[in-house]
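Basically the numbering used here = 1-based index in the sequence shown + 852. Reviewing the structure listed below.
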Amino acid sequence: MAPGCQSKQLAISTSPTDASSNGYLEAVFEVDIDGGGALGCSCLNVVVEFDGPADGWALNVCDSPGNNGYGGDAGQTDFEAELQLLNGELRVYGAYFAEEDPYGTVERIWTQKTSAGSGALRFQVCDQRVSWGNPEGHLESGQVLKRLFYVPDPNASGDADLFVGLNRVCASSADRNTGTVRRAVLTFE
């Protein structure tokens, strides 16, 4: 954590379970980030560790509790950016705004195969910026002319700015809960 940075809240939204019976627990965390205000936080860091290949829905970082993979949240919120690690492939979807696109098109703006295997990957989500390792890369909203995550999220329902699905997507989905993350560490800066 950066000096002076204190997260306002990190809560478990869904209790850890092994619904897919693959030996890995699935859970969703709600994250309330201060956004550079009085508590000084503006980014979420997520490090995920694997025993073997990153199979299934390993990671889903969302700005809506309704994000269910592949972008979008069934119209629940105005912001619905997603970062996901699915079968070792990093995918980033931009936020959608009804006033700019009344048809609700959510586009995948980045895809990259990672070298996720036994070991760890680090992801960072900040206001209009995401970065990752193995290999190192980053996106900023100006690079892709799309909107990414808003941190803090001015349209957040409740206190959560971000949601982190481990071994599953953020929203409930029986067929999207099969990841192989052994351990995850969430920090703030």
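Backbone N, C-alpha and C define an ideal beta-carbon position, used for all residues, glycine too. Quick caveat, the model's predicted, so the values are computed rather than measured.
Comparing C-alpha distances from A947 to each of N939, P905, D1005, G1031 shows the shortest one belongs to D1005. Judged by DSSP in its simplified three-state form, S894 adopts coil rather than helix or strand.
S983 carries a strand assignment under DSSP once its states are collapsed to helix, strand and coil. Annotation: the continuous beta strand (DSSP E) that includes V883 extends over 878–884.
Taking 7 Å as the cut-off, the Cβ atoms of R1034 and E878 do not count as close. For G971, the closest alpha carbon among the candidates F1015, V899, L991, Q964 is that of V899. Per DSSP, reduced to three states, the secondary structure at S867 is strand. Nearest neighbour of N1029 by Cα position, chosen from L1000, R943, N939, turns out to be N939. By the CB criterion at 7 Å, V982 and G921 fall outside the cutoff. Of all alpha-carbon atoms in S872, L896, G875, the one lying nearest the alpha-carbon of A1012 is that of L896. Straight-line spacing of the CA atoms in D907 and N874 works out to 11 Å. In the DSSP assignment, T1039 falls within the beta strand (DSSP E) that extends over 1033–1040.
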